[in-house]
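Asker: For the sequence shown, the positions run 0 to 272 when numbering that gives the first Met the number 0 is used.
In this text, a Cβ means the ideal position worked out from N, Cα and C, and glycines have one as well.
Here's a structure for you.
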Amino acid sequence: MATRPMVNGKVYHLALGPGEAAPYALLPGDPDRVELIASMWDEVRVKVERREYRTYVGSYKGVPVMATSTGVGGPSASIAIEELAALGVGTMIRVGTTGSLLSSVKVGDLVISSGALRLDGASNDYAPLGYPAVPHPDALNALITAAEGLGVRYHVGLTATTSTFYTGQGRPGLRGYLPSWLRDVVGVLRSMRIINFDMETATLLTIANVYGLRAGSVMAVIANRETDEFRAEAGVEDACRVANEAVRVIREWDEDYPDREVKSIPALLKKRR
């Protein structure tokens, strides 16, 4: 069926079939990060790779979990999100890298997104621009709880999700090309208290809200646009640790409060009880 393509009973891009997915998915952009995430698990049962989409399925501290790479940008991420949702995955957490706009958000720190400015383009195919791209409270609170528990340095704030890496984020292109309307994009976003750039968070959060899924985003700061520092792997392992632990926290809440009328748990308040 061309409208919902399948190959041998498996979704077309991810090459996974019914019953092969886990209920909790971690979504790095980079296929190599799937292996890093899974290196922290108890076991890996399934390994599948097709195009930019690499998937491992296993368990972390007894919690069924999977990691699927999304590639770079909203269009490829939307494919992974759609096909995971079709397989019954209800919770998705982006595990990415990001560029900070503030000197106080240092290279090696983590950013947990409290919402995203939708400059990605892909999310426009799901909702009008006025529709908010915000994380589910469970995912946001679980990521904060995990970061606190692991003692890593993190920031919670707004993310600008762009459709391109170079000109869209104010980086000059070939021969210094940069459209006039993007020459001060970093300064304008900084004035609105947006703390980081990425290319997938708004797409994930928009689609998840439209479909009634839980989603959040944690990113390692590898670039700082104010200090002009860049370290390609800074904080990446911490982001993977926090994401894995956040899944364990969410699973604990799901088991402790299976029939809760309140649809989210304020993690930090629960911690103080």
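Are the Cβ atoms of Glu199 and Arg93 separated by less than 7 Å?
Answerer: Taking the first residue of the sequence shown as 1, we reach residue 199 at position 200. Taking the first residue of the sequence shown as 1, we reach residue 93 at position 94. Against a cut-off of 7 Å, the Cβ pair of Arg93 and Glu199 comes out as a contact.
Asker: Can you check whether the CB of Gly215 is closer than 7 Å to the CB of Ala138?
Answerer: On the sequence shown, position 139 is the one that residue 138 refers to. On the sequence shown, position 216 is the one that residue 215 refers to. Taking 7 Å as the Cβ cut-off, Ala138 and Gly215 qualify as a contacting pair.
Asker: When the Cα atoms are used, what is the spatial distance from Val71 to Ala79?
Answerer: The residue you call residue 71 lines up with position 72 of the sequence shown. The residue you call residue 79 lines up with position 80 of the sequence shown. The alpha-carbon atoms of Val71 and Ala79 are separated by roughly 11 Å.
Asker: Anyone know if the C-beta pair for Ile95 and Asp197 falls short of 7 Å?
Answerer: Along the sequence shown, one-based indexing puts residue 95 at 96. Along the sequence shown, one-based indexing puts residue 197 at 198. Going by the sequence as given, residue 95 is Gly instead of Ile. Their beta carbons are under 7 Å apart, which means Gly95 touches Asp197 by this criterion.
Asker: Based on the DSSP output, what are the partners of Phe164 in its beta bridges?
Answerer: The residue you call residue 164 lines up with position 165 of the sequence shown. DSSP lists no bridge partner for Phe164.
Asker: Within 7 Å (strictly less), CB to CB, does Gly28 reach chain B?
Answerer: Absent from the structure is chain B; it holds one protein chain and no more.
Asker: Would you kindly report the start and end of the unbroken alpha helix (DSSP H) that includes Leu203?
Answerer: The sequence position of residue 203 within the sequence shown is 204, counting from 1. Start and end: 200-210.
Asker: Within 10 angstroms of its Cβ, does Gly61 collect 16 or more other Cβ (buried), or is it exposed?
Answerer: The residue labelled residue 61 in the question sits at position 62 within the sequence shown. Exposed is the call here.
Asker: In terms of residue numbering, what span does the beta strand (DSSP E) encompassing Pro63 cover?
Answerer: Here residue 63 refers to the residue found at position 64 of the sequence shown. Element bounds for Pro63: 62-67.
Asker: Using beta-carbon positions only, say whether Thr158 and Ala115 come within less than 7 Å of one another.
Answerer: The residue you call residue 158 lines up with position 159 of the sequence shown. The residue you call residue 115 lines up with position 116 of the sequence shown. Taking a C-beta distance under 7 Å as the contact criterion, Thr158 and Ala115 qualify as a contact pair.
Asker: Under three-state DSSP, which class holds Asp31?
Answerer: Position 32 of the sequence shown, counting from 1, holds the residue named residue 31. Asp31 falls in the helix class under three-state DSSP.
Asker: What are the residues that DSSP puts in a beta bridge with Thr158?
Answerer: If you number the sequence shown from 1, residue 158 lands on position 159. Ala115, Asn195.
Asker: Cα-Cα, which of Val45, Lys105, Val6, Ser77 is closest to Val209?
Answerer: Within the sequence shown, numbered from 1, the residue matching residue 209 stands at position 210. Among Val45, Lys105, Val6, Ser77, the Cα nearest to that of Val209 is on Ser77.
Asker: What residue does the beta strand (DSSP E) around Arg50 start on, and which one ends it?
Answerer: Reading the sequence shown from its first residue, position 51 is the one you call residue 50. Note, Arg50: premise wrong, no beta strand (DSSP E); not H, not E.
Asker: I'd like the list of long-range same chain contacts for Gly16, defined as Cβ closer than 7 Å, with 5 residues on each side in sequence excluded.
Answerer: By 1-based counting over the sequence shown, the position of residue 16 is 17. Closer than 7 Å at Cβ, skipping near neighbours: Gly8, Lys9.
Asker: Check for me: the alpha helix (DSSP H) holding Ser216 runs from which residue to which?
Answerer: As a first step, residue 216 must be located in the sequence shown, where it is residue number 217. Ser216 -> not in any alpha helix (DSSP H); beta strand (DSSP E) instead, spanning 213-223.
Asker: Given a threshold of 16 other Cβ atoms within 10 Å of its Cβ, counted over all protein chains shown, does Tyr11 qualify as buried or as exposed?
Answerer: To locate residue 11, count along the sequence shown from 1; it is residue 12. So Tyr11 ends up on the exposed side.
Asker: Reducing DSSP to helix, strand and coil, say where Glu232 ends up.
Answerer: As a working mapping, residue 232 is identified with position 233 in the sequence shown. If DSSP states are grouped into helix, strand and coil, Glu232 belongs with coil.
Asker: Quick one: residues in its chain with C-beta nearer than 6 Å to the C-beta of Val235, no 5 flanking neighbours on either side, listed in chain order?
Answerer: In the sequence shown, the residue the question calls residue 235 occupies position 236. Contacts found: Ala219.
Asker: Rounded to whole angstroms, what is the Cα-Cα separation between Leu268 and Ala141?
Answerer: Counting from one through the sequence shown, the residue named residue 268 turns up at place 269. Counting from one through the sequence shown, the residue named residue 141 turns up at place 142. Its pLDDT being 49, under 50, Leu268 is placed unreliably by the model, and the measurement read from it follows with that caveat. Cα-Cα distance, rounded: 12 Å.
Asker: Closest by CA to Pro131, which one among Val64, Leu13, Leu177, Ser113?
Answerer: By 1-based counting over the sequence shown, the position of residue 131 is 132. Pro131 has its Cα closest to that of Ser113, out of Val64, Leu13, Leu177, Ser113.
Asker: Helix, strand or coil for Arg240 per DSSP?
Answerer: Position 241 of the sequence shown, counted from the first residue, corresponds to residue 240. Note: Arg240 maps to helix in three-state DSSP.
Asker: Anyone know if the C-beta pair for Val43 and Tyr55 falls short of 7 Å?
Answerer: For the purposes of this step, residue 43 is identified with residue 44 of the sequence shown, where counting begins at 1. For the purposes of this step, residue 55 is identified with residue 56 of the sequence shown, where counting begins at 1. A contact, by the Cβ cut-off of 7 Å.
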